[in-house]
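Worksheet for the structure shown next.
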Amino acid sequence: MSTAPKTKDVKEELAQLVMEVSSAHDLMSGVVKLLHERMLKYNWVGFYMLETAPGQPPVLVLGPFEGAMTPHTRIPLHQGICGAAATSGRTVVVDDVSQDPRYLACSLETKSEIVVPIFVRGKVAGELDIDSHFPAAFKDEDRELVEYCAALVGKYLGKTPSQTQQ
Ligand code: SME
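Counting in the numbering used here, the sequence shown runs from 28 upward without gaps.
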């Protein structure tokens, strides 16, 4: 069954959410809550934001998330599907995580994953990561929805530079 009608409803709720929030942190918290609640196969939904410090290698740091706590709170760019998406600046969809040597396990139940980079003023600033307990859960309309959410957050962060670290 297509998830397209549902993604349309979720986009409408996102448009409402973005008008109500007063910080990037609140927007990200609202996005993960909405996706986790509405999209039944989205079993873990979370943001990782790129942290850069002088003299330190950049690292992806866990931000707002919904689902079980993950052991991966800080991911170097050369690790994981998360690292691959941030490094390439491209969406990564993995239909069967057991077949992907890059995969860093979060939950034994996870079967498939999507990671979408977030761009702020043309540079990767973070990413939206979603895990599913179902194999090949992320179809074209899911990819489109998750990319829409990532773009929404990127646009918000671009407008509110002082809030990127909140
Ligand atoms: N699976 C990710 C790690 C993050 S957890 O899924 C929350 C990866 O391979 O990068």
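Ideal Cβ placement from N, Cα and C applies to all residues, glycine included.
Residue i in three-state terms, based on DSSP
i    : result
Q193 : With a pLDDT of only 44 at Q193, under 50, the local geometry of the prediction cannot be trusted, and no value is derived from it.
S159 : strand
L184 : helix
Y75  : strand
V37  : helix
L44  : helix
L89  : strand
A152 : strand
R101 : strand
S125 : helix
S139 : strand
Expected contact under 8 Å - CB spacing of residue i and residue j to nearest Å
i    : j    : result
L89  : Y75  : 6 Å
A112 : V143 : 7 Å
G107 : L131 : 4 Å
Burial state of residue i (16 or more Cβ within 10 Å)
i    : result
D169 : buried
L135 : exposed
T114 : exposed
T137 : buried
D36  : exposed
S139 : buried
V147 : buried
D123 : exposed
A51  : buried
T34  : buried
Spatially closest choice to residue i from the options, by CA coordinates
i    : options                : result
K166 : V119, I145, Y130       : V119
E154 : H160, I145, H52, M55   : I145
A178 : V48, Q106, M55, P162   : M55
K186 : T34, K38, V45          : V45
M66  : A164, A51, S50         : A164
P84  : I102, M96, G73, P98    : I102
K150 : G73, E39, L77, V72     : L77
L104 : G73, F92, A152         : A152
A95  : V59, Q43, K38          : V59
K38  : S49, V180, C176        : C176
P162 : I141, K182, D156, V173 : I141
Residue i at chain B interface by Cβ criterion, 8 Å
i    : result
E154 : Within the model displayed, chain B is absent; a lone protein chain is all it includes.
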